Amino acid sequence: MEILIILVVIGALAFDFINGFHDTANSIATSVSTKALRPRQAILLAAIMNFVGAMTFTGVAKSISKDIVDPFTLENGSVVILAALIAAIFWNLLTWYYGIPSSSSHALIGSIAGSALASAGFGALNYTGFLKILQALIISPILAFAVGYIVYSIFKVVFKNANLAKTNRNFRYMQIATAALQSYSHGTNDAQKAMGIITMALIANGYLGSNAEVPFWVQFSCALAMGLGTSVGGWKIIKTVGGKIMKIRPINGVAADLTGAAVIFGATFMHVPVSTTHVISSGILGVGASHRLKGVKWDTAQRMLITWVITLPISAAIAAISYFILNLFF
Numbered sequence: 029m030e031i032l033i034i035l036v037v038i039g040a041l042a043f044d045f046i047n048g049f050h051d052t053a054n055s056i057a058t059s060v061s062t063k064a065l066r067p068r069q070a071i072l073l074a075a076i077m078n079f080v081g082a083m084t085f086t087g088v089a090k091s092i093s094k095d096i097v098d099p100f101t102l103e104n105g106s107v108v109i110l111a112a113l114i115a116a117i118f119w120n121l122l123t124w125y126y127g128i129p130s131s132s133s134h135a136l137i138g139s140i141a142g143s144a145l146a147s148a149g150f151g152a153l154n155y156t157g158f159l160k161i162l163q164a165l166i167i168s169p170i171l172a173f174a175v176g177y178i179v180y181s182i183f184k185v186v187f188k189n190a191n192l193a194k195t196n197r198n199f200r201y202m203q204i205a206t207a208a209l210q211s212y213s214h215g216t217n218d219a220q221k222a223m224g225i226i227t228m229a230l231i232a233n234g235y236l237g238s239n240a241e242v243p244f245w246v247q248f249s250c251a252l253a254m255g256l257g258t259s260v261g262g263w264k265i266i267k268t269v270g271g272k273i274m275k276i277r278p279i280n281g282v283a284a285d286l287t288g289a290a291v292i293f294g295a296t297f298m299h300v301p302v303s304t305t306h307v308i309s310s311g312i313l314g315v316g317a318s319h320r321l322k323g324v325k326w327d328t329a330q331r332m333l334i335t336w337v338i339t340l341p342i343s344a345a346i347a348a349i350s351y352f353i354l355n356l357f358f
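Residues in the sequence shown are numbered from 29 upward in steps of one, following the numbering used here.
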């Protein structure tokens, strides 16, 4: 049993590391595309702020550890969790390879549900908590699109008579701050998912009580894994988010960054995990639609939407298969 716990911890940290470079693009793509920051500077900034953000909150981790499935009802809890991690890591690497900004959150949550269903059937899911998380995942990108549209509409009114060259220069400086803010918000939400996974495994195996706090070593190691993963960078996804959705100028980038950070912070304070990929990409789409509808590359948006829709069921299916295979050995 202890070997399974060790494998779960390693798998969760690997997921966080991959999540770091998979989702690096989310927080820095706009600042890189407008040349507000050089790529290496942007990645270093994102790595530091992701780490700091991950060390700040644990509410989302608690939701992950209890709201999808009840750890105490899992007969083969460690195998369920390990299968979920394998499936989520596989899907993240596959979408990263093809440069598709898919959701690590969808992959992980779908994988947990799929492996739990394979283990104990439909009774294994905590439907109240699972539906709450699902609602947050669905509503957050719609909200981000609307907020992005409104924020940029306000910018257009406020700066309609401003000198374009001067405005661009000032907003380029502002992008450094908004990229840092967005990276921080990313850390407050995304890194907690792996914290929740490890905490779930510790609870399921009796190492922690049902109301236990996330241990400091779990929080620190997950924050460090995400920070290190972010430092590697995800260049393929940076190209998609930073240029293939719309042509981003500094004022667009600031509006998109503020939108993403606001929606992610709101979710973190409500203790619900959201897809930072969905939120930030939808924020950019909202800004683009407000700027000029024809300027948005809707074919890229359509490709991303299809990936978002299929991630939950595919990751759940991969997790179920992984569970049945692992169950042969453990």
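By construction, the Cβ of each residue, glycine as well, lies at the ideal position given by its N, Cα and C atoms. Remember, predicted model here, so these are calculated numbers, not experimental data.
Cβ pair residue 41, residue 253 closer than 8 Å: If you number the sequence shown from 1, residue 41 lands on position 13. If you number the sequence shown from 1, residue 253 lands on position 225. When the beta-carbon positions are compared, residue 41 and residue 253 come within less than 8 Å of each other.
Whole-angstrom C-beta distance between residue 112 and residue 139, which should lie under 8 Å: Counting from one through the sequence shown, the residue named residue 139 turns up at place 111. Counting from one through the sequence shown, the residue named residue 112 turns up at place 84. Residue 139 to residue 112, Cβ: 4 Å. Contact.
Kindly list the residues whose CB is nearer than 7 Å to the CB of residue 183, restricted to its own chain and excluding five residues on each side of it in sequence; keep chain order. Taking the first residue of the sequence shown as 1, we reach residue 183 at position 155. Excluding residues within five positions, the ones whose Cβ falls inside 7 Å are 279, 283.
Figure out for me which residue from 86, 155, 219, 157 has the closest Cα to the Cα of residue 47. Taking the sequence shown and counting its residues from 1, one reaches residue 47 at position 19. Nearest option by C-alpha distance: 219.
Taking its Cβ as the centre, do 16 or more other Cβ atoms sit within 10 Å of residue 124, making it buried, or is it exposed? One-based indexing of the sequence shown puts residue 124 at position 96. The residue in question, residue 124, is buried, as its Cβ has 16 or more Cβ neighbours within 10 Å.
To the nearest angstrom, how far is it from the Cα of residue 115 to the Cα of residue 121? Position 87 of the sequence shown holds residue 115. Position 93 of the sequence shown holds residue 121. Straight-line Cα distance between these residues: approximately 10 Å.
Taking the alpha-carbon positions, what's the residue 135 to residue 293 distance? Along the sequence shown, one-based indexing puts residue 135 at 107. Along the sequence shown, one-based indexing puts residue 293 at 265. Annotation: residue 135 to residue 293 spans about 21 Å, alpha carbon to alpha carbon.
Residue span of the alpha helix (DSSP H) that contains residue 77, given as start and end: For the purposes of this step, residue 77 is taken as the residue at position 49 of the sequence shown. 67-82 is the extent of the alpha helix (DSSP H) around residue 77.
Using 8 Å as the threshold, is the segment 339-355 in touch with the segment 204-216, meaning 3 or more CB pairs across them? Using a Cβ-Cβ distance cut-off of 8 Å, the segment 339-355 and the segment 204-216 are not in contact, since fewer than three pairs of beta carbons, one from each stretch, lie closer than that value.
With a threshold of 8 Å between beta carbons, is residue 46 in contact with chain D? Absent here is chain D; the protein component of the structure consists of one chain.
Starting from residue 280, trace the alpha helix (DSSP H) in both directions and tell me its first and last residue. Within the sequence shown, numbered from 1, the residue matching residue 280 stands at position 252. That run of the alpha helix (DSSP H) goes 278-297.
Given residue 243, which residues of its chain have a CB within under 8 Å of its CB, disregarding the five upstream and five downstream residues? Numbered from 1 along the sequence shown, position 215 holds the residue referred to as residue 243. Only residues of its own chain outside the window of five on either side were considered, and among them 227, 230, 236 have a CB closer than 8 Å to the CB of residue 243, listed in chain order.
Which of the three DSSP states is assigned to residue 60 in this structure? Residue mapping note: residue 60 aligns to position 32 of the sequence shown, counting from 1. In this structure, residue 60 counts as helix in the three-state DSSP scheme.
State yes or no: is the C-beta of residue 83 within less than 8 Å of the C-beta of residue 251? For the purposes of this step, residue 83 is taken as residue 55 along the sequence shown, with counting starting at 1. For the purposes of this step, residue 251 is taken as residue 223 along the sequence shown, with counting starting at 1. With contacts defined by Cβ atoms closer than 8 Å, residue 83 and residue 251 form a contacting pair.
List the DSSP bridge partners of residue 97. Within the sequence shown, residue 97 is the residue found at index 69, counting from 1. Assignment of beta-bridge partners to residue 97 by DSSP yields 153.
So, are the CB atoms of residue 36 and residue 109 less than 8 Å apart? By 1-based counting over the sequence shown, the position of residue 36 is 8. By 1-based counting over the sequence shown, the position of residue 109 is 81. Yes; because the gap between Cβ atoms is below 8 Å, this pair is in contact.
Which residues in the same chain as residue 165 place their Cβ atom closer than 8 Å to its Cβ, once the five residues preceding and following it in sequence are excluded? Counting from 1 along the sequence shown, the entry for residue 165 is found at position 137. Answer for residue 165: 131, 133, 134, 137, 301, 302, 303, 306, listed in chain order.
What number of angstroms, rounded off, separates the C-alpha of residue 223 from the C-alpha of residue 191? Your numbering for residue 223 matches position 195 in the sequence shown. Your numbering for residue 191 matches position 163 in the sequence shown. Between residue 223 and residue 191, the C-alpha separation is close to 47 Å.
Rounded to whole angstroms, what's the CA-CA distance from residue 86 to residue 247? Just pull it up for me. The residue labelled residue 86 in the question sits at position 58 within the sequence shown. The residue labelled residue 247 in the question sits at position 219 within the sequence shown. Here the alpha carbons of residue 247 and residue 86 stand approximately 8 Å from one another.
Taking Cβ positions, are residue 62 and residue 200 nearer each other than 8 Å? Against the sequence shown, residue 62 aligns to sequence position 34. Against the sequence shown, residue 200 aligns to sequence position 172. Using a Cβ distance threshold of 8 Å, residue 62 and residue 200 count as a contacting pair.
Using the rule of at least 16 other Cβ atoms within 10 Å of the residue's Cβ for burial, across every protein chain shown, is residue 245 buried or exposed? In the sequence shown, the residue the question calls residue 245 occupies position 217. Flag for residue 245 reads exposed.
Which value, in whole angstroms, describes the spacing of the CA atoms of residue 349 and residue 153? Your numbering for residue 349 matches position 321 in the sequence shown. Your numbering for residue 153 matches position 125 in the sequence shown. Whole-angstrom Cα-Cα distance: 18 Å.
Residue of 249, 311, 69 minimising C-alpha distance to residue 54: The sequence position of residue 54 within the sequence shown is 26, counting from 1. Residue 311 is the option with its Cα nearest to residue 54.
What residues in its chain sit with their C-beta under 7 Å from that of residue 249, if we drop five residues either side in the sequence? Within the sequence shown, numbered from 1, the residue matching residue 249 stands at position 221. If the five residues before and after residue 249 are omitted, its C-beta is found closer than 7 Å to the C-beta atoms of 41, all from its own chain and listed in chain order.
Contact defined as beta carbons within less than 8 Å: I believe residue 75 pairs with residue 259. What is the distance between those atoms, to the nearest angstrom? Against the sequence shown, residue 75 aligns to sequence position 47. Against the sequence shown, residue 259 aligns to sequence position 231. Indeed, because the Cβ distance is near 4 Å, the residues count as touching under 8 Å.
Apply the 10 Å Cβ neighbour rule to residue 156 and answer buried if 16 or more other Cβ atoms are within range, or exposed otherwise. Along the sequence shown, read from residue 1 onward, the residue named residue 156 stands at position 128. Counting Cβ neighbours within 10 Å, residue 156 comes out exposed, since fewer than 16 surround it.
Rounded to whole angstroms, what's the CA-CA distance from residue 170 to residue 342? Just pull it up for me. In the sequence shown, residue 170 corresponds to position 142, counting from 1. In the sequence shown, residue 342 corresponds to position 314, counting from 1. One Cα belongs to residue 170, the other to residue 342, and the distance between them is close to 22 Å.
DSSP three-state label for residue 217, please. Here residue 217 refers to the residue found at position 189 when the sequence shown is read from its first residue. In the structure shown, residue 217 sits in a helix (DSSP, three-state: H, G or I).
For residue 244, the first and last residue of its enclosing alpha helix (DSSP H): Taking the sequence shown and counting its residues from 1, the one referred to as residue 244 is at position 216. Per DSSP, residue 244 belongs to the alpha helix (DSSP H) from 244-260.
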